[in-house]
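Numbering (this note's numbering), first residue to last: 2 to 195.
Note that CB positions come from ideal geometry on N, CA and C, so glycine has one too.
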Amino acid sequence: KLKTSGTSGWVAENAALSTSDLEFENVAMTPKHAGALTELSRNMLQQTSPDIETLIRSDFAQILAEAVDSVAINGGGSNEPEGIIANSDVSATTWDTDYITTAADMIAALDTSNVNASRAFLTTPGIRGDAMKIVTTDGLPVPVGTQFHGERIDYSTLVPTDLGGGTDEDAILYGDWTDMLIGYWSSFDLLVNP
2 KLKTSGTSGW VAENAALSTS DLEFENVAMT PKHAGALTEL SRNMLQQTSP DIETLIRSDF
62 AQILAEAVDS VAINGGGSNE PEGIIANSDV SATTWDTDYI TTAADMIAAL DTSNVNASRA
122 FLTTPGIRGD AMKIVTTDGL PVPVGTQFHG ERIDYSTLVP TDLGGGTDED AILYGDWTDM
182 LIGYWSSFDL LVNP
């Protein structure tokens, strides 16, 4: 990844630009393994259609994809990858009076750091439900996107709802999602033990 950017400068006509040295550093990735296991009886294999294998493959692919998403958000390290929330290199914004103010603080933090690529919020369906209940003084609903200052927002049940160990402590993540790296050393493998 880029560690230190190059520099720009102004020069007179026909003058040479100064060379700037960019610095790079490695991003270390350590293999971790996720899997699922099931057993099928001989009778089941003989009494069902061949589609049972497709059904199992589809289910395993879905639960393994969910496992990857879950640890990408809140993985704790050790046998699973370290997720965004546990990563000490990811900046945290202190919760302000409400999620609308906190979202503004998060946007300002990225603006200050000149992060301008594919920014978006990710939070819980509970936050979405709370946001949908906000109305104007005339009783009209305030669009959820407006409450997050026009930024893209997605919701997932994989986002923690108890960050501080209590209730109503839903996580709100905001950042440039193109900077998130997930390394795959192999694709989905299905191994059959006869």
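May I have the straight-line CA-CA distance separating residue 105 from residue 145, to the nearest angstrom?
-> The count along the sequence shown starts at 1 and reaches residue 105 at position 104. The count along the sequence shown starts at 1 and reaches residue 145 at position 144. Looking at the two C-alpha atoms, the distance is approximately 14 Å.
For residue 13, count neighbouring C-beta atoms within 10 Å of its own C-beta (all shown protein chains included) and say buried if the count is 16 or more, exposed if not.
-> For the purposes of this step, residue 13 is taken as the residue at position 12 of the sequence shown. By the neighbour-count rule (16 or more Cβ atoms within 10 Å), residue 13 is not buried but exposed.
Which residues bound the alpha helix (DSSP H) around residue 46?
-> By one-based count along the sequence shown, residue 46 stands at place 45. Here the alpha helix (DSSP H) through residue 46 covers 43–48.
Spatial distance of residue 6 from residue 29 (CA atoms) = Taking the sequence shown and counting its residues from 1, one reaches residue 6 at position 5. Taking the sequence shown and counting its residues from 1, one reaches residue 29 at position 28. Roughly 20 Å between the two C-alpha positions.
Count the other CB atoms, across all protein chains shown, that sit within 10 Å of the CB of residue 160; report buried if there are 16 or more and exposed otherwise.
-> Looking up residue 160 in the sequence shown gives position 159. Per the 10 Å Cβ criterion, buried.
May I ask you to report which of helix, strand or coil DSSP gives residue 144?
-> Stepping through the sequence shown from its first residue, residue 144 is reached at position 143. In the structure shown, residue 144 sits in coil (DSSP, three-state: anything other than H, G, I, E or B).
By how many angstroms is the C-alpha of residue 58 removed from the C-alpha of residue 191?
-> In the sequence shown, the residue the question calls residue 191 occupies position 190. In the sequence shown, the residue the question calls residue 58 occupies position 57. Going by the C-alpha atoms only, they are around 8 Å apart.
Run through the stretch 115–159 for me and flag every whole beta strand (DSSP E) of 3 or more residues, listed as ranges in chain order.
-> 120–124 and 154–156
Residue 75 classed as buried or exposed, judged by whether at least 16 other C-beta atoms fall within 10 angstroms = Working through the sequence shown from its first residue, we reach residue 75 at position 74. Burial call: buried.
Straight-line CA distance for residue 2 to residue 22?
-> Translated into the one-based positions of the sequence shown, residue 2 becomes position 1. Translated into the one-based positions of the sequence shown, residue 22 becomes position 21. Each residue's Cα considered, the two are about 14 Å apart.
With contact counted as at least three CB pairs below 8 Å, one residue from each stretch, are the stretch 113–132 and the stretch 174–188 in contact?
-> yes
As assigned by DSSP and simplified to three states, the class of residue 112 = Counted from its first residue, the sequence shown places residue 112 at position 111. DSSP places residue 112 in helix when its eight states are reduced to three.
Whose C-alpha, out of 84, 60, 8 and 61, is nearest the C-alpha of residue 70?
-> Along the sequence shown, read from residue 1 onward, the residue named residue 70 stands at position 69. It is 84.
Bounding residues of the beta strand (DSSP E) (the contiguous stretch that carries residue 174) | As a first step, residue 174 must be located in the sequence shown, where it is residue number 173. 173–177 is the span of the beta strand (DSSP E), which, as asked, contains residue 174.
When you compare only the Cα positions, how much space is there between residue 100 and residue 50?
-> Mapped onto the sequence shown, residue 100 falls at position 99. Mapped onto the sequence shown, residue 50 falls at position 49. Spanning the two alpha carbons is a distance of roughly 51 Å.
At which residues does the beta strand (DSSP E) containing residue 3 begin and terminate?
-> In the sequence shown, residue 3 corresponds to position 2, counting from 1. Residues 3–5.
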